[in-house]
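Residue numbers (this note's numbering), protein chains in the order written: chain A, 9 to 118; chain B, 257 to 370.
Just so it is clear, CB atoms sit at the ideal spot from N, CA and C, and this is done for glycine as well.
Below: one structure, written as structure tokens.
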Amino acid sequence: DAKTTQPPSMDCAEGRAANLPCNHSTISGNEYVYWYRQIHSQGPQYIIHGLKNNETNEMASLIITEDRKSSTLILPHATLRDTAVYYCIVRYQAGTALIFGKGTTLSVSS
Amino acid sequence: DAGVTQSPTHLIKTRGQQVTLRCSPKSGHDTVSWYQQALGQGPQFIFQYYEEEERQRGNFPDRFSGHQFPNYSSELNVNALLLGDSALYLCASSLEPGQLSPLHFGNGTRLTVT
Numbered sequence: 009d010a011k012t013t014q015p016p017s018m019d020c021a022e023g024r025a026a027n028l029p030c031n032h033s034t035i036s037g038n039e040y041v042y043w044y045r046q047i048h049s050q051g052p053q054y055i056i057h058g059l060k061n062n063e064t065n066e067m068a069s070l071i072i073t074e075d076r077k078s079s080t081l082i083l084p085h086a087t088l089r090d091t092a093v094y095y096c097i098v099r100y101q102a103g104t105a106l107i108f109g110k111g112t113t114l115s116v117s118s
Numbered sequence: 257d258a259g260v261t262q263s264p265t266h267l268i269k270t271r272g273q274q275v276t277l278r279c280s281p282k283s284g285h286d287t288v289s290w291y292q293q294a295l296g297q298g299p300q301f302i303f304q305y306y307e308e309e310e311r312q313r314g315n316f317p318d319r320f321s322g323h324q325f326p327n328y329s330s331e332l333n334v335n336a337l338l339l340g341d342s343a344l345y346l347c348a349s350s351l352e353p354g355q356l357s358p359l360h361f362g363n364g365t366r367l368t369v370t
């Protein structure tokens with residue numbers, strides 16, 4: 009079973025920041041948090057991952073709480089093309105399989 | 257640089273038949289994983305291949321089998337198709353399993369079983 013809990017859906021206005029929360033209260037010390045998204049009719053796309061420090065790349069920022077029990081994916085300026093299902097996944101360092109939950113459907117509107 | 261490519265994109269089969277799906281990994285990647293995604297659900301892990309061997313397997317019956325070739329490409333075979341096997345089948349590639357490298361997914365093969 010997935011080890012994460014995400015809201016089923018969220019809305020965001022175009023140009024605003026989208027903040028997607030994820031709870032992973034049972035995460036262990038060697039597990040990483042990964043975020044993927046899936047745009048309709050496409051395969052999942054890697055966004056970002058982290059262990060305990062905040063991470064930022066050209067797509068998004070990942071904020072992980074100090075106790076590592078939750079995290080937030082931030083899309084700083086959401087566009088219509090960011091409308092997708094976003095999956096938060098915890099993964100062993102050893103590279104075990106990604107276990108997907110149902111994710112959060114983010115709808116960006118103008 | 258080509259990403260993960262899958263073929264065919266769509267396929268219709270009859271219950272009881274057998275099907276083979278194909279995947280070419282992203283250049284430089286040597287590990288291939290297969291996922292099944294039913295409508296409205298997240299992808300479910302089927303198995304992972306590395307060095308031409310199955311390394312991990314999810315909760316799928318033996319009707320699901322695979323193969324990895326020396327060039328790292330892979331096939332997924334499903335025997336005795338059931339209506340419930342209708343789904344999007346996704347292939348993902350990455351560097352060797354022990355790495356933290358992200359998985360790169362193809363756009364999948366849509367299988368319909370009638």
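Indicate, with yes or no, if the ligand PLP has a heavy atom lying under 6 Å from the CB of residue i.
i	result
Tyr-40/A	Looking at this structure, you won't find the ligand PLP or any other ligand, since it has none at all.
Can you check which of these residues, the options, is closest to residue i by C-alpha distance?
i	options	result
Leu-332/B	Thr-365/B, Pro-326/B, Leu-356/B and Pro-358/B	Thr-365/B
Pro-84/A	Thr-12/A, Glu-22/A, Asn-61/A and Gln-14/A	Glu-22/A
Ser-263/B	Tyr-306/B, Leu-346/B and Gly-272/B	Leu-346/B
Thr-112/A	Asn-65/A, Ser-17/A, Thr-13/A and Gln-46/A	Ser-17/A
Asn-27/A	Gly-37/A, Trp-43/A and Glu-39/A	Trp-43/A
Thr-287/B	Asn-363/B, Leu-359/B and Val-334/B	Leu-359/B
Ser-3/A	Ala-343/B, Ser-321/B and Gly-259/B	Nothing about residue 3/A can be reported from this structure: the residues present for chain A run from 9 to 118 only.
Tyr-328/B	Glu-307/B, Phe-316/B and Ala-348/B	Glu-307/B
Leu-351/B	Gln-300/B, Thr-265/B, Ile-302/B and Gly-284/B	Gly-284/B
Glu-309/B	Ser-321/B, Asn-315/B, Pro-317/B and Phe-316/B	Ser-321/B
Ile-107/A	Cys-279/B, Tyr-291/B and Thr-265/B	Tyr-291/B
Pro-126/A	Tyr-94/A, Ile-82/A and Arg-99/A	The question about residue 126/A has no answer here: the residues shown for chain A are numbered 9 through 118.
So is residue i buried or exposed if we call it buried at 16+ other beta carbons inside 10 Å?
i	result
Leu-295/B	exposed
Ser-225/B	For residue 225/B there is no data in the structure shown, the boundaries of chain B being 257 and 370.
Thr-225/B	With chain B running from 257 to 370 in the structure shown, residue 225/B is simply not present.
Ile-47/A	exposed
Ala-68/A	buried
Leu-339/B	exposed
Ala-105/A	buried
Lys-77/A	exposed
Asp-341/B	buried
Arg-24/A	exposed
Gly-37/A	exposed
Phe-325/B	exposed
Pro-299/B	buried
Pro-52/A	buried
Leaving out five residues on either side along the sequence, give the residues of the same chain with a beta carbon under 6 Å from the beta carbon of residue i.
i	result
Val-116/A	Cys-20, Glu-22, Ala-86, Leu-88, Asp-90 and Thr-91
Ser-118/A	Glu-22
Asn-62/A	Ile-71
Ser-289/B	Gln-304 and Ala-348
Lys-282/B	Gly-259, Val-260, Ser-349 and His-360
Ile-35/A	Arg-76 and Val-98
Within the same chain, show all residues whose beta-carbon is closer than 8 Å to that of residue i, passing over the 5 residues directly before and after it, in chain order.
i	result
Ser-79/A	Pro-29, Cys-30, His-32, Val-41, Gly-58, Leu-70, Ile-71, Ile-72, Thr-73 and Cys-96
Leu-267/B	Val-275, Leu-277, Thr-365, Arg-366, Leu-367 and Thr-368
Near residue i, which residues of its chain fall below 7 Å by C-beta distance, leaving aside the five closest residues on each side in sequence?
i	result
Gln-273/B	Leu-337
Arg-311/B	Gln-304, Tyr-305 and Pro-353
Arg-319/B	Val-334, Asn-335 and Ala-336
Tyr-54/A	Tyr-44
Arg-313/B	Phe-303
Asp-75/A	none
Cys-279/B	Val-260, Gln-262, Val-288, Ser-329, Ser-330, Cys-347 and Gly-362
Can you list, in chain order, the residues of the region 272–290 of chain B whose Cβ is nearer than 7 Å to any Cβ on chain A?
Ser-289
Note down, in chain order, all residues in the region 298–323 of chain B with a beta-carbon under 8 Å from any beta-carbon belonging to chain A.
Gly-298, Pro-299, Gln-300, Phe-301, Gln-304, Gln-312 and Gly-314
Below 9 Å between beta carbons is the criterion; list the residues of the region 70–83 of chain A that meet it against any residue of chain B, in chain order.
none
Which parts of the region 43–93 of chain A are runs of the beta strand (DSSP E), unbroken and 3 residues or longer, counting only runs that do not cross its ends?
53–58, 69–72 and 78–83
At a CB distance below 7 Å, what residues from the region 341–352 of chain B approach chain A? Give them in sequence order.
Leu-346
What runs of the beta strand (DSSP E), each 3 residues or longer, lie entirely inside the region 275–314 of chain B?
275–280, 287–293, 300–306 and 309–313
Positions along the region 24–50 of chain A whose CB lies within less than 9 Å of some CB in chain B:
Tyr-40, Tyr-42, Tyr-44, Gln-46, Ser-49 and Gln-50
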